[in-house]
Amino acid sequence: MKNVGGYADVLVGLQYGDEGKAKVVDFLASEYDIIARFNGGANAGHTVVSAQGTVKLRQIPSAVFYPDKLLYIGSGCAVGVVQLAEEIRSLQEIGISLEGRLYVSSRCVLVQPVHMHLDQIHGKEIGTTGNGIGPCYADRALRMQDGERVALQIRDLLDDGASALAQMHKRYRAQLGTMHGAETQVGVSMQAWSEAWQLVQSYVTDDPLFLVSRVQAGACVLFEGAQSVLLDVMYGDQPYVTSSHTAPSYAYVGGDLPCAYHRKSIGVAKAVMSRVGSGHFPSELGGARSEQYCAEAARNGTGAASERASFDAAELLRSNDAYKQGIALRMLTGEYGTGSGRPRRVGLLDLTQLADVVMLHGIDELFLNKCDCLVYFSDTPQACIPLLAGRGKDRDTVNFPAFTLDGEGIPFELQQILEFIEAQTGCRIRGIGIGPERHQSVYFNETLIGA
Ligand code: GDP
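Going letter by letter, the sequence shown gives residues 1 to 451 in full-length UniProt numbering.
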């Protein structure tokens, strides 16, 4: 196929999520015509801070503040109709209309009430958000069981809404069995479902060539990845991964566009790493002790407020114990799960890991958020910024002089860090984040900053 017309770029998170992808998408959106999602569902959480307010998006692409941009939810996404209706309504409340802008592929698989129920029971061990995404994708692969369809797509609702809803109802009811109040629970849930579908259906497109035809006509697409590549269901470390593919190449499967239109892959990382839930995290401050503490805190419902009541972040930071420094950094940088409030495990920027991810997924350019969080290292006894680099016996921390962000422009010390990251990853840094707000970012021109 000839690559004529427009093109597509793919933006993904390069670590364990929460790298600040939404802010970068919000910045880049002006360069594109369509922002599209290709994976995941309401288990994603994107935060965009703007003059119109702070918007938390879960399924709708982040470029909601640009009235002239189309937003597309591709077939690879698992759609939670009730949550999607809530998102549409909450945007309407702050004056953002999605009419004629948001298009949801009719091939998206539906997250049914039974999926939410199963996820809330069985997802705890992995630490899922309980939004039903894993069971939904599992059913998509299973297709039928005991002579009945278990996966439904949006187009089933378009074809025969009544029987699709009846099918969902039946499965949910059967799952709840003799549970007390089951009938009422199913009734309430199905009522909410039907109401939400009334709103959502006007945003559905049944055209499988929706993106292809627009790109052929010259439109440029930015695919926005949910979760991050280290949590890919296949590349990540099972079982502590998300249930969808997060690798940039999957954008062309779940996003309904031939890969012939691919132009470049953009990766977003953060300068102080974090991870929610269990699983591999080689650069974690405090190692297994921190992992265990965070798992326990998640079980007990310990979040930001109780850590604030129990610890003095400044004092912990002055300790020589990496575990304590990790707690302090979490408190100072607000590393708690967006929906759950669970404490996230905190770690150093792991450049060995980042370099591998860049290579494996063919990342062409980098955005590095949360550089402002590095300033806290100046209050540690070492008073320097450690990054992890090297391989085998050479894998060690490399220390950089601390800096503050009080003055104009990028401090020389931070510039040195950015140059080191570029050298280690072989990837150009196109911009950095120095705070959560839209204006708290610095974007570089086309040249390598270290060149
Ligand atoms: P993602 O979409 O899952 O990658 O993550 P979000 O876009 O929701 O960002 C996670 C959090 O980081 C949100 O609270 C953002 O406001 C915040 N954030 C984004 N960029 C920066 C930054 O440069 N500095 C700081 N301190 N916070 C940031």
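From the three backbone atoms N, C-alpha and C, an ideal C-beta is built for every residue, glycine too.
Since we're looking at a predicted model, the values are computed, not measured.
- According to the DSSP assignment, Asn320 belongs to no alpha helix (DSSP H), since it is labelled neither H nor E.
- As for any alpha helix (DSSP H) of minimum length 4 sitting wholly inside the region 289 to 324, the runs are 304 to 310, 313 to 317, ordered along the chain.
- When secondary structure is reduced to three states using DSSP, Gln227 falls in the strand class.
- Residue state for Asp406 is assigned as coil, using DSSP reduced to three classes.
- Contact annotation, Tyr240 with Ser278: C-beta distance approximately 5 Å; criterion of less than 8 Å satisfied.
- Burial check for His117: the Cβ neighbour count within 10 Å reaches 16 or more, so the residue is buried.
- Under the DSSP assignment, Phe420 falls outside any beta strand (DSSP E), being part of the alpha helix (DSSP H) whose first and last residues are 412 to 425.
- Rounded to the nearest whole angstrom, the CA to CA distance from Val24 to Phe367 is 8 Å.
- Considering only Thr425, Ile434, Lys170, Cys294, the residue with the shortest C-alpha distance to Gly390 is Thr425.
- Distance from the C-beta of Asp372 to the nearest heavy atom of the ligand GDP is below 7 Å.
- Around the CB of Ser105, 16 or more other CB atoms lie within 10 Å, so the residue is classed as buried.
- For the pair Ser265 and Pro282, the CB atoms are not nearer than the 8 Å cut-off.
- Residue state for His180 is assigned as coil, using DSSP reduced to three classes.
- Inside the region 26 to 109, DSSP marks whole beta strand (DSSP E) runs of 3 or more residues at positions 34 to 37, 46 to 50, 53 to 57, 70 to 73, 102 to 105, from first to last along the chain.
- Under the criterion of beta carbons closer than 8 Å, Ile421 and Leu14 do not qualify as touching, at roughly 12 Å.
- The way I'd put it, the region 254 to 269 doesn't touch the region 298 to 307; fewer than three beta-carbon pairs between them come closer than 8 Å.
- Note on geometry: alpha-carbon atoms of Phe377 and Met190 lie some 51 Å from one another.
- Beta bridge pairing from DSSP links Asp232 with no other residue.
- Put simply, of His280, Ser310, Leu28, Leu351 the residue whose alpha carbon is nearest the alpha carbon of Arg395 is Leu351.
- Secondary structure at Thr380: coil, using DSSP grouped into helix, strand and coil.
- Ala383 is the residue among Glu408, Ala383, Ile410 whose C-alpha sits nearest the C-alpha of Pro401.
- Distance from the C-beta of His46 to the nearest heavy atom of the ligand GDP is below 7 Å.
- Taken through DSSP and simplified to helix, strand or coil, Ser244 comes out as coil.
- The alpha-carbon separation between Lys370 and Gly130 amounts to approximately 27 Å.
- As the crow flies, the alpha-carbon of Gly431 is around 20 Å from that of Leu348.
- Between the alpha carbons of Tyr72 and Gly187 lies a distance of about 31 Å.
- The alpha-carbon separation between Cys136 and Val114 amounts to approximately 9 Å.
- At a Cβ-Cβ threshold of 8 Å, Leu374 and Val442 do not count as neighbours.
- Excluding five sequence positions before and after Val55, the CB atoms of its chain that fall closer than 6 Å to its own CB belong to Val48, given in chain order.
- Ranked by Cα distance from Ile429, the options Pro386, Leu405, Ile417, Glu93 are led by Ile417.
- Scanning its chain for C-beta atoms nearer than 7 Å, with the 5 sequence neighbours on each side dropped, one finds around Tyr235 the residues Val229, Ala247, in chain order.
- C-alpha of Arg171 to C-alpha of Gly17: approximately 33 Å in a straight line.
- When the Cα atoms are used, Pro386 and Ser310 turn out to be separated by approximately 27 Å.
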